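Numbering (the UniProt record's numbering), first residue to last: 1 to 633.
This report concerns only the one structure given below.
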């Protein structure tokens, strides 16, 4: 194979820092392109909008003059749909898998019970300029990978606008049009219900195409809702013949569009006169259940306690079928303080039984060449990493900017360059990726952020102190209580970088009650946690007090609550060919430096916390309750 023309990832040594906080250190880093260093775009970066915007001071969606309809979100089985799917899948399962829709069709039979407040909470955080959620602790979004893994939609294949070329398929298109016309003439409208009544168990020669038309109109592209529209006929015909169609870009574009509509509606509804009866009515047609499941997968505070066990061969979405979400009190407050709990790569964790890890999450990092020998799974991942335009039915487009959320793919985060003008040839989604070099990070590695990024984040997002305080409701506190809270924060928080608060703590949270015993309980829990962490870490390696310049490190395998030290990764790998299933991937002759180590980061945080606890002793002894604290041990 020819030498690669370019790389999708920029490799360079950079001064980095762990997202939860810590001292900067030099490491070999891997950034998704385009980066500011290699970009020809004039703007250095896009200045994000304020977090507060025109939103109310309290998160109370039930009091907002806003009514939202979700026709694209089915919460219960309707009209024997599951029965129809099971019967047709028995005959056409292999065709659906070849077309890349088998899991997506099965997903439409599951019931994802809607948490309206959760959807509204994420709608508040949406930024339509970047198509990302903006939290105080970082930027994240639902990506093409999420549409592929959770939704079951293919990122590979022909465009949804691919025409029908042969006489045979055009004849089938004509029969579908005639069926729709017959329903319309008899009833005045061609609803999905009447379409199902006409074709389900009919034995019609076009029943296979008809069920796919129903699925596309009822669960994927609802425009208009509950109606059979002829724009999907050609897609259904292609899919029925096993032709792969890239549905993921179109579905994701519709979700981005609706999140933007929801954010705008939330802002506008809060400008309405509350004394009047005016209500803003909005309809969201995309499958927004993907956003809720995305949140369940990544935020522990929202995740249902008992997801369904995943059976062999089931889509990942089956875990959330008929499952009730957790009740969250102050949802905005939880979102604003969830930075350390957020799972950047939930699909890389080998903790779910019968979940097959994707090939693009290797045990050891490596480089691959995107070419004719690359299998579909790895090529799909490459598609998920490329900046492009996503086209929505109706002609509108949405920008897809994965370089802004690199850590969701395992890559380090650099200062994101702004992309305001797309070139159709350069950023078209259907443009083929070939002869391009791609770095695959280890599934065990942790990504970092550049110091330039953190500086920009602090300036563009964190904003003035009063703006951050306005985002979280506060109780009135006495001066004495504030002093005790300050003492507690010093004992229980690491020295974090602005924009990345520690778990469950922000400067605006009420972390303690009036009585002093609460302070003692928090401090005791902190010390006990440090003891456990110290025993756990020292069990696997010697304490390293040198935290200066690093270029490679050990790896830690996460398995439930256990953490075990894995073998170091070799710094160099020679050119060779590795067998992945039945597909061959060419390994590029290039050295791979390990990503930053979870082991070293935790050691650093442990040292930092121990130092702070030691310095706290003198302060405690100076207070009346100091002796009581130490006697409690």
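In this text, a Cβ means the ideal position worked out from N, Cα and C, and glycines have one as well.
Source: prediction; values computed, not measured.
- The alpha carbon of residue 338 has as its nearest neighbour, out of 30, 133, 261, 226, the alpha carbon of 133.
- In the DSSP secondary-structure assignment, residue 283 is bridged to 69.
- DSSP links residue 391 through a beta bridge to 397.
- Considered as a whole, the stretch 112-184 harbours 116-124, 144-149 as its complete alpha helix (DSSP H) runs of no fewer than 4 residues, in chain order.
- Residue 35 sits in a strand when the DSSP states are folded into three classes.
- Distance check between residue 7 and each of 440, 86, 307, 21 places 440 closest, using alpha-carbon atoms only.
- The stretch 227-238 makes no contact with the stretch 289-303; the number of CB pairs closer than 8 Å stays below 3.
- When the Cα atoms are used, residue 26 and residue 208 turn out to be separated by approximately 58 Å.
- Counting along the chain, residue 12 sits inside the beta strand (DSSP E) bounded by residues 9-17.
- Residue pairing by DSSP places residue 6 opposite 436 in a beta bridge.
- Residue 407 has its alpha-carbon roughly 15 Å from the corresponding atom of residue 451.
- Annotation note: the stretch 215-286 contains the following uninterrupted alpha helix (DSSP H) runs of length 4 or greater, listed N- to C-terminal: 233-240, 247-269.
- At a Cβ-Cβ threshold of 9 Å, residue 264 and residue 127 do not count as neighbours.
- The three-state reading of DSSP puts residue 83 in helix, counting H, G and I together.
- Around the beta carbon of residue 161, fewer than 16 other beta carbons sit within 10 angstroms, so the residue counts as exposed.
- Rounded to the nearest whole angstrom, the CA to CA distance from residue 330 to residue 117 is 10 Å.
- With a cut-off of 8 Å on Cβ pairs, the stretch 218-225 is not in contact with the stretch 348-364, counting fewer than three such pairs.
- Boundaries around residue 195 are those of the alpha helix (DSSP H), 192-199, since no beta strand (DSSP E) includes it.
- Residues 128 of the same chain have their beta carbon placed closer than 6 Å to that of residue 260, with the five preceding and five following residues left out of the count.
- The residues 236, 239, 240, in chain order, have a CB closer than 7 Å to that of residue 212 in the same chain once the five nearest residues on each side in sequence are set aside.
- Residue state for residue 347 is assigned as helix, using DSSP reduced to three classes.
- Sorting 457, 199, 120, 291 by C-alpha distance to the C-alpha of residue 215 places 199 at the top.
- In the DSSP annotation of this structure, the continuous segment of the alpha helix (DSSP H) that includes residue 105 starts and ends at 102-107.
- Pairing residue 252 with residue 169, the inter-Cα distance amounts to about 28 Å.
- Short of 8 Å from the beta carbon of residue 88, and not among the five residues preceding or following it, lie these beta carbons of its own chain, in chain order: 207, 208, 211.
- Judged by their CB atoms, residue 131 and residue 256 are nearer to each other than the 9 Å cut-off.
- For residue 243, the closest C-alpha among the options 387, 280, 159 is that of 159.
- Note that the C-beta distance between residue 152 and residue 315 is below 9 Å.
- Within the DSSP secondary-structure output, residue 30 pairs in a beta bridge with 11.
- According to the DSSP assignment, residue 379 belongs to the alpha helix (DSSP H) that extends over 376-384.
- Proximity of the stretch 373-380 to the stretch 389-397 falls short of the contact definition, fewer than three beta-carbon pairs being nearer than 8 Å.
- Under the 10 Å beta carbon count, residue 402 is surrounded by 16 or more other beta carbons and is classified as buried.
- With fewer than 16 other Cβ atoms from the protein chains shown falling within 10 Å of its own Cβ, residue 185 counts as exposed.
- Under the 10 Å beta carbon count, residue 384 is surrounded by 16 or more other beta carbons and is classified as buried.
- CA-CA distance, residue 13 to residue 412, rounds to 11 Å.
- Residue state for residue 413 is assigned as strand, using DSSP reduced to three classes.
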